[in-house]
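Read through the structure below, which is laid out as structure tokens, and then see the notes.
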Amino acid sequence: MLKCRAVWRKLAPLARSASTQCRHNVKTALNNGRRQAFVPATHMSTGPAGGGGSENTLYVVLVGAACLGGGAYAYMTVRGDSKRYEERISELASRSAKEAPESQPPVAPEPEEAAPTSEESAPVAELSGETESASAEEPVTEVPAEPAAPVVEEAEEPVTETPPEAAEQAAPVLAEAEPVAEVPPEAVEEAPPVVEEAAEEPVTEAPPAAEPETVQEAPTEPAVTSLPESAPAPEPVSAPLTLPSHAPYLLIGGGTASFAAARSIRARDPGAKVLIVTDEPNLPYMRPPLSKELWFSDDPSVTETLRFKQWNGKERSIYFQPSSFYVKPEELTSAENGGVAVLTGKKVIQMDVRGNKVKLDDDTEISYDKCLIGTGGVPRNLQVIEKAGDEVMNRTTLFRKIEDFKSLDNVSRNVKSITIIGGGFLGSELACALGRRSSETGLEVIQMFPEKGNMGKVLPEYLSNWTTEKVKKEGVRIVPEALVKSVAFKEDKLEILLKDGRQVKTDHIVAAVGLEPNVDLAKSAGLEVDSDFGGYRVNAELQARSNIWVAGDAACFYDIRLGRRRVEHHDHAVVSGRLAGENMTGANKPYWHQSMFWSDLGPDVGYEAIGIVDSSLPTVGVFAKATSKDTPKAATEQSGTGIRSESETEATAVTPVASSTPAPVMEHKDEYGKGVIFYLRDKVVVGIILWNVFNRMPIARKIIKDGEEHADLNEVAKLFNIHED
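Residue numbers (our numbering): 289 to 1013.
Below is the structure:
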């Protein structure tokens, strides 16, 4: 049926053209027959003059025979197609009638009363010839096109338009055929007689009258609207948060430097809108308690509350400010009085310095007016551990964030042995903290380092040895001069093989071997990284490029007294962040601050330091007998804070007055209760450690700032009043 229909579409124009040509030739022949042609004869004949009538008659006969033959062939073809069409429709109608209810009326129901079924719509779609046109359009266009063949039989009749009666009869059928899926079997059976009636008249102009109805009704086709019934209903999708597309002050990193900068910006510009972007899930917090006071808390829920008691007994939170202090990121743009918003869990992966915008890891772009990079650093790891495989890596902690503290606290309560690799500030603090816990739980704590003694890169050898003994008394097993050769996981234990052949078995490893400054944005931002110290190189105002500042661990700055440096301490993050924030608001101040740092080996031993403290430099130490006041606990009770750098002011220290008390003559003993260690370079003091001497940092800062040579450092030590009770 489909092939016949395609053939008829091609032959119909030819049939119509042949019919028109036949009528024209017949009329011409008849006209020529009615008049006599006076054509001179060109041959001898006994007949009447003006011959040629027999030839015209022969021509008419031949043309007529050809037209009749063509018309008969076309008529037979159409009748055959019509018969096959009727048989096909009858077959489909009988198939649908078997499934239709017996009570169904023979009249086509209204669309809203008869719901289409999938089996009714499927055959109609098959009848459409599987073309790109809608299924309802095919039967409509074929109804008027098939009757074109009988025109040959009535060739002598003039071409007329479809009579109104025929049009009225055709219109209801077209209207019923339009909603394809809803046509009942009875209505389909009635369609062929209408085709036969239309075939008796030339209806070449009927399709234009029917097509407008088809176009208007096609969008309401029930077959389309019924498709979603089998599809699941879409789940409601919550609208994503609308993040600010622009921030006047954008701070990258959620550490101490960024918070200090935000507080400084708001102090100078009360209406400022500051956005902090951090890849951590937490609000800005201080890191020192993670390796100090939190480990000595008696609260079993300290890992959840993150509140701790300082050595002076006062309680505080690790967070700088509660969540109520901050503005929600999506509300920052509309905040009338400005504020500080923190976008957590997002990482800046690219900077467009010329366009003053950044790109986050979720492809969000945020533009800015002024930007601060306070990305801090990433803990280093040993290559032998990284190459040892997943089993070793899963049992290794790189201590830096809140999550690391929580994880190590949990590990320390569930394993029998922990080994700390590293003898610096962090490693020694964690060793003492876990050593205290070993007396309660039986945990074995091992600390190994390549130096001869604890903090051997910082303290002079004699003081490093003394400190090592203090750490041992805290319950820590010390493995000095240890160079790790390999690490392996065997028999549910980690085996650490040293280069000298020694072997240590443990359950967990804490790698505390230094910090690598985070300079991931250097390439996209076109920022210079220092080849010697690492970090972004900045000028005296902590500026890396126009509208970009760097503060904290990631900044490599130029110290007018000590040369280019990079410092990884809390006080430096506070002061450099504060100064960068001021400069972002137009202060244009140089960074001349000598930052300090401190470390506590438990509540009884602590020290503060400033400048360059490197054990490879010449040192001079002046010590005195310690009293009960010379401990970190007593110092915090006096200052009122456990974060001792917060008690400092930016005021310049007055010229210190040395104590009139003569220095006692100390016998050579391995007793270093309290004292001052001076680090020299070219006979000039470049670093100072105050050992169990607290709240004297402004004096040490002035000594380094003056940069003078001192003939007798014992006299300089008197400025700290270490000999007073």
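Every residue gets a Cβ at the ideal spot worked out from N, C-alpha and C, and that includes glycine. Treat the numbers as computed from the prediction; the structure is a model and nothing was measured.
Residue range of the beta strand (DSSP E) that G865 falls in?
Taking the sequence shown and counting its residues from 1, the one referred to as residue 865 is at position 577. Where G865 is concerned, there is no enclosing beta strand (DSSP E), although the alpha helix (DSSP H) it sits in stretches over 858–872.
Would you tell me roughly how many angstroms separate the C-alpha atoms of K990 and Y967, rounded to the nearest one?
Residue numbering aside, residue 990 sits at position 702 when the sequence shown is read from its first letter. Residue numbering aside, residue 967 sits at position 679 when the sequence shown is read from its first letter. Taking the straight line from one Cα to the other gives about 15 Å.
In or out: K634 buried (at least 16 other Cβ within 10 Å) or exposed?
For the purposes of this step, residue 634 is identified with residue 346 of the sequence shown, where counting begins at 1. Label assigned to K634: buried.
Where does N806 land, buried or exposed, given buried means 16+ other C-beta within 10 angstroms?
On the sequence shown, residue 806 is found 518 positions in, with the first residue counted as 1. Burial call: buried.
Tell me, which residues are paired with Q735 by DSSP?
Start at 1 with the first residue of the sequence shown, and residue 735 comes out as number 447. BP columns for Q735 point to I708, I766.
Only counting the same chain, and skipping five residues up and downstream in sequence, which positions put a Cβ closer than 7 Å to that of E568?
Counting from one through the sequence shown, the residue named residue 568 turns up at place 280. Once the five neighbours on either side are set aside, the close Cβ partners of E568 are G542, T632, K689.
Which whole-angstrom value describes the C-beta separation of T544 and H858, a residue pair presumed to lie in contact below a C-beta threshold of 8 Å?
Here residue 544 corresponds to residue number 256 of the sequence shown, with the count starting at 1. Here residue 858 corresponds to residue number 570 of the sequence shown, with the count starting at 1. Sure, about 6 Å apart at Cβ, within 8 Å.
Thinking just about the alpha-carbon of each residue, which of L889, W583, I898, S533 is nearest to the one in K597?
Indexing the sequence shown from 1 puts residue 597 at position 309. It is W583.
Are S533 and L539 touching if we call contact CB-CB under 7 Å?
Position 245 of the sequence shown, counted from the first residue, corresponds to residue 533. Position 251 of the sequence shown, counted from the first residue, corresponds to residue 539. No, the Cβ-Cβ distance between S533 and L539 is not below 7 Å.
Do Y614 and V628 have their C-beta atoms closer together than 7 Å?
For the purposes of this step, residue 614 is taken as the residue at position 326 of the sequence shown. For the purposes of this step, residue 628 is taken as the residue at position 340 of the sequence shown. Contact: yes.
Have a look at V792 and I766 and give me their C-alpha separation to the nearest angstrom.
Position 504 of the sequence shown, counted from the start, is the residue given in the question as residue 792. Position 478 of the sequence shown, counted from the start, is the residue given in the question as residue 766. Going from the Cα of V792 to the Cα of I766 covers about 11 Å.
From the DSSP output, read off the bridge partner residues of A843.
As a position in the sequence shown, residue 843 is number 555, starting the count at 1. Looking at the DSSP assignment, A843 forms a beta bridge with Y824.
Under the rule that 16 or more other beta-carbon atoms within 10 Å means buried, what is P536, buried or exposed?
For the purposes of this step, residue 536 is identified with residue 248 of the sequence shown, where counting begins at 1. Flag for P536 reads buried.
Would you mind giving the Cβ-Cβ distance between G961 and A912, rounded to the nearest angstrom? I have them listed as a contact below 8 Å.
Residue 961 sits at position 673 when you count from the first residue of the sequence shown. Residue 912 sits at position 624 when you count from the first residue of the sequence shown. Correct: roughly 7 Å between the Cβ atoms.
Say whether the segment 772–781 touches the segment 672–679, bearing in mind that this needs 3 or more beta-carbon pairs closer than 8 Å, one atom from each stretch.
Output reads yes: the segment 672–679 touches the segment 772–781.
Distance, Cα to Cα, L722 vs K658?
Residue numbering aside, residue 722 sits at position 434 when the sequence shown is read from its first letter. Residue numbering aside, residue 658 sits at position 370 when the sequence shown is read from its first letter. Approximately 43 Å between the Cα atoms of the pair.
Nearest-angstrom Cα distance between S883 and S864?
Residue 883 sits at position 595 when you count from the first residue of the sequence shown. Residue 864 sits at position 576 when you count from the first residue of the sequence shown. Taking the straight line from one Cα to the other gives about 9 Å.
Helix, strand or coil, according to DSSP, for I564 in the structure here?
As a working note, residue 564 is residue 276 in the sequence shown. The answer is strand: DSSP assigns I564 an E or B state.
What are the boundary residues of the beta strand (DSSP E) that includes E804?
In the sequence shown, the residue the question calls residue 804 occupies position 516. E804 -> beta strand (DSSP E) spans 803–805.
My assumption, with CB atoms under 8 Å, is that M985 sits in contact with I900. Please give the rounded CB distance.
As a working mapping, residue 985 is identified with position 697 in the sequence shown. As a working mapping, residue 900 is identified with position 612 in the sequence shown. About 16 Å separates the two Cβ atoms, so there is no contact after all.
For Y879, name the three-state secondary structure that DSSP assigns.
Taking the first residue of the sequence shown as position 1, residue 879 is located at position 591. Residue state, collapsed to three classes: coil.
Near L830, which residues of its chain fall below 7 Å by C-beta distance, leaving aside the five closest residues on each side in sequence?
Here residue 830 corresponds to residue number 542 of the sequence shown, with the count starting at 1. Counting only Cβ-Cβ distances below 7 Å, and skipping sequence neighbours, we find W837, V838, A839, A843, F845, S864, L867, A868, N871, Y879.
For G710, is the classification buried or exposed, using 16 other Cβ atoms within 10 angstroms of its Cβ as the cut-off for buried?
As a first step, residue 710 must be located in the sequence shown, where it is residue number 422. So G710 counts as buried.
Please name the residue, chosen from E783, R367, R854, that lies closest to D820 on a Cα-to-Cα basis.
Against the sequence shown, residue 820 aligns to sequence position 532. Minimum Cα distance to D820 is reached at R854.
When the Cα of E783 is compared with those of V680, E816, L686, which residue comes out closest?
Along the sequence shown, one-based indexing puts residue 783 at 495. When each option's Cα is compared against that of E783, the closest is V680.
Around the C-beta of P906, are 16 or more other C-beta atoms found within 10 angstroms, so that it is buried, or is it exposed?
What you label residue 906 is simply residue 618 of the sequence shown in a count that begins at 1. Exposed, by the Cβ-count rule.
If you draw a straight line from the alpha carbon of V1004 to that of H998, how long is it in whole angstroms?
Looking up residue 1004 in the sequence shown gives position 716. Looking up residue 998 in the sequence shown gives position 710. Answer to the nearest angstrom: the Cα atoms are 8 Å apart.
What residues are listed by DSSP as bridge partners for I637?
Working through the sequence shown from its first residue, we reach residue 637 at position 349. In the DSSP output, where bridge partners are listed per residue, I637 has none listed.
If we count the other Cβ atoms within 10 Å of its Cβ and call it buried at 16 or more, is I1010 buried or exposed?
As a working note, residue 1010 is residue 722 in the sequence shown. Flag for I1010 reads buried.
Under three-state DSSP, which class holds Q598?
To locate residue 598, count along the sequence shown from 1; it is residue 310. If DSSP states are grouped into helix, strand and coil, Q598 belongs with coil.
How many angstroms separate the CA atom of V641 from the CA atom of K647?
In the sequence shown, the residue the question calls residue 641 occupies position 353. In the sequence shown, the residue the question calls residue 647 occupies position 359. If you take the alpha carbons of V641 and K647, they lie about 11 Å apart.
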